[in-house]
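Quick note: this note's numbering has the sequence shown finishing at residue 1205, numbered continuously throughout.
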Amino acid sequence: MSVIYDPIHWTPHKRLYDRLMLAFVAGYLILFGGLQLVFHPQITAETLTIRATGTLAFLMLHVILCIGPLCRLDRRFLPLLYNRRHLGVTMFMVALTHGVFNLVQFHALGNADPLVSLFTSNTQFGSLVRFPFQSLGFFALIMLFLMAATSHDFWLKNLTPPVWKALHMGVYVAYAMLVMHVMLGVIQLEKSPVLIGLTGAGVVAVLGLHLAAAVKQARTDGGARRYAAKGIPDGFVYACDVADIPENRAKMLIIGGENIALFKYDDKLSAIHNLCKHQNGPLSEGKIIDGCITCPWHGYQYLPENGQSPPPFHEQVCTYDVQVAGTKVYVNPTPYPEGTARPPARITLATL
Ligand code: HEM
Ligand code: FES
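Structure, rendered in structure tokens:
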């Protein structure tokens, strides 16, 4: 918890993740470059850079878009979610390299300004097949820039979470533009249809995973509601058994699209939003120390009953209602505004 914005603290998780990511980036560039040199020995360094960075950024964007649904399908993918911002910023840097090299290679050698040239060299905006595909890449790059530039928590807080989230949902618009950018580029430049096939496979993977996650979510919510016990009001969803949560620890739940940490402590149960305000650390992997939920990454703290950091700190997360019936715990996934006090559910002798 803090009253100022801390610089990024590197945890062992983040270091490992970043190393793996950079190893993947380097491995891809070496492999792609090697294969291009074997099959196209005449290729220039500029064209090689354009192709390697364009395909790498596009591949990374697919990975980024698949992480959300993968986590909803299997929680073992969650570490990828906690570190997704670094992947996004790195992807933007790679895409920027591709865009800049293209502007220099194709638009900087004439009399016109490169950006003017980008939009005037092909003006067939009315044609579907001849549409200026480079302008689609340009607008997508601008959107990726806005997301990378606002990825810091400073912007999350100052734009407010709903505005920030809406802005970052723009990644799907950028993705659609990039699919068209690549498809039309291949058609207009009469290049290998392999890229069209791979792009099609990527679109199927992204859409398929989102669909599978939505179906699983609907089944989990529906199933959980069917099991709701007598006396538990509508809207509550079965979460787990009391015994499933160790003392002073939590269980992570994804219910109704909400990422929730359900804590057990002092014969009580409270639920708060799972993501820490500092850098999205997983609060459900932390424990209760001195009465406060303590983030496992850098130790920010929150009170379980109201999701507020203890004074003098100001961080707040959303809270949720919890109920116990017999040994079963139910959570209502409708979030209360950040920092709202909610009475914890009591674990009584009758419960156990
Ligand atoms: C200012 C922005 C951009 C411009 C001017 C631009 C321009 C181009 C051009 C001219 C090509 C054809 C290159 C060639 O093969 O000769 C191309 C291909 C491609 N672009 Fe972009 N692009 C931009 C942004 C992006 C972004 C943001 C991405 C992905 C994140 C992207 C992904 C690709 C891919 C995957 C290809 C196919 C690679 C290949 O040629 O083998 N582009 N782009
Ligand atoms: S992410 Fe840094 S303290 Fe939680």
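Built from N, CA and C at the ideal position, the CB exists for glycine as well.
Asked: Separation of residue 988 from residue 897, as counted between CA atoms; Found: 24 angstroms
Asked: Own chain partners of residue 983 with C-beta closer than 6 angstroms, once the 5 adjacent residues on each side are dropped; Found: 977
Asked: Extent of the continuous alpha helix (DSSP H) run through residue 899; Found: 898-926
Asked: Rounded Cβ spacing between residue 1155 and residue 1146 (contact assumed at less than 8 angstroms); Found: 5 angstroms
Asked: Of the residues 1194, 1189, 1200, the one placed nearest residue 1177, counting alpha carbons only; Found: 1200
Asked: Residue 1041, enclosing alpha helix (DSSP H) - first and last residue; Found: 1024-1041
Asked: Rounded separation between residue 1031 and residue 1198 - CA only; Found: 49 angstroms
Asked: Residue 908: CB within 6 angstroms of a non-hydrogen atom of the ligand HEM; Found: yes
Asked: Three-state secondary structure (DSSP) of residue 1191; Found: coil
Asked: Assigned secondary structure, residue 957 (DSSP; H/G/I helix, E/B strand, else coil); Found: helix
Asked: Candidates 972, 948, 1068: closest to residue 959 by CA position; Found: 972
Asked: Closer than 6 angstroms: residue 994 CB and nearest the ligand HEM heavy atom; Found: yes
Asked: Touch test, the region 879-895 against the region 1032-1047, Cβ-Cβ under 8 angstroms, three pairs minimum; Found: no
Asked: Helix, strand or coil at residue 1044 according to DSSP, with G and I counted as helix; Found: coil
Asked: beta-carbon residue 870 near the ligand FES non-hydrogen atom, thresh 6 angstroms; Found: no
Asked: Contacting residues, own chain, Cβ-Cβ under 8 angstroms from residue 939 (five flanking each side not counted); Found: 867, 870, 871, 874
Asked: Residue 1164 to residue 1158 span [Cα, whole Å]; Found: 15 angstroms
Asked: C-alpha gap between residue 860 and residue 1166, whole angstroms; Found: Unreliable positioning characterises residue 860 in this predicted model, as indicated by a pLDDT of 45, which lies under 50. The coordinate reading is nonetheless provided below. Straight-line Cα distance between these residues: approximately 17 angstroms.
Asked: Contiguous beta strand (DSSP E) assignments of at least 3 residues, all confined to the region 1108-1138; Found: 1111-1118, 1121-1126
Asked: Three-state secondary structure assigned by DSSP to residue 987; Found: helix
Asked: Residue 1177 - containing beta strand (DSSP E), residue span; Found: 1172-1178
Asked: Buried/exposed call for residue 1180, threshold 16 Cβ in 10 Å; Found: exposed
Asked: Identified DSSP bridge partners for residue 1105; Found: 1114
Asked: Closest residue to residue 890 among 881, 901, 880 (Cα-Cα distance); Found: 901
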